[in-house]
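This report concerns only the one structure given below.
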Amino acid sequence: MIKLDFVTAIAIFLIIPILFVFIRWVFYNCYRNEGLDYQSDYLQQCPYCNYLFFCYDNASMRECPRCHSLIASAEDAGKEEGHDKISEKDPQ
Ligand SMILES: [Zn+2]
Numbered sequence: 043m044i045k046l047d048f049v050t051a052i053a054i055f056l057i058i059p060i061l062f063v064f065i066r067w068v069f070y071n072c073y074r075n076e077g078l079d080y081q082s083d084y085l086q087q088c089p090y091c092n093y094l095f096f097c098y099d100n101a102s103m104r105e106c107p108r109c110h111s112l113i114a115s116a117e118d119a120g121k122e123e124g125h126d127k128i129s130e131k132d133p134q
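Sequential numbering of the sequence shown, starting at 43, is according to this note's numbering.
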């Protein structure tokens with residue numbers, strides 16, 4: 043039979059749950075951002091009403107669910123950065 047004094051028994055019963063919580067916390071912090079990165083690819087913000095919504099299709103134009111505005115995808119908006127589309131279309 044294993045002989046333990048009272049202090050050692052209390053220390054063992056305290057260390058085991060603390061180690062369990064610490065290991066769970068480490069794994070939680072290591073793997074919690076994978077889902078967010080995956081989800082943030084589909085996160086879209088309407089530039090007109092600032093409404094955030096998820097859009098899972100790969101269409102070039104998306105529609106805001108709140109104000110029903112048509113929004114270009116992030117890739118298309120990046121290509122047009124620095125250019126004023128209205129002045130290009132305007133003949134004057
Ligand atoms: Zn909107």
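Even glycine gets a Cβ: it sits at the ideal position worked out from N, Cα and C. Please read all numbers here as calculations on a predicted model, not as lab measurements.
Practice problem: Give the DSSP bridge partners of Ala-101, in chain order. | Solution: Answer is none; Ala-101 lacks a bridge partner.
Quiz item: From Glu-105 to Tyr-93, what does the alpha carbon distance come to, in whole angstroms?
Solution: 11 Å
Quiz item: Does the separation of the CB atoms of Arg-108 and Cys-91 fall below 8 Å?
Solution: yes
Quiz item: Would you report the Cα separation of Ile-58 and Arg-66, rounded to the nearest angstrom?
Solution: 12 Å
Self-check item: Alpha-carbon to alpha-carbon, Ala-114 and Tyr-84
Solution: 13 Å
Quiz prompt | Cut-off 6 Å between Cβ atoms - residues of its own chain near Ile-52, not counting five sequence neighbours on either side | solution = none
Quiz item: Can you give the Cα-Cα distance for Tyr-70 and Met-103, rounded to whole angstroms?
Solution: 36 Å
Quiz item: Who does Phe-96 pair with in a DSSP beta bridge?
Solution: Partner(s): Leu-85.
Quiz item: Given a threshold of 16 other Cβ atoms within 10 Å of its Cβ, counted over all protein chains shown, does Leu-61 qualify as buried or as exposed?
Solution: exposed
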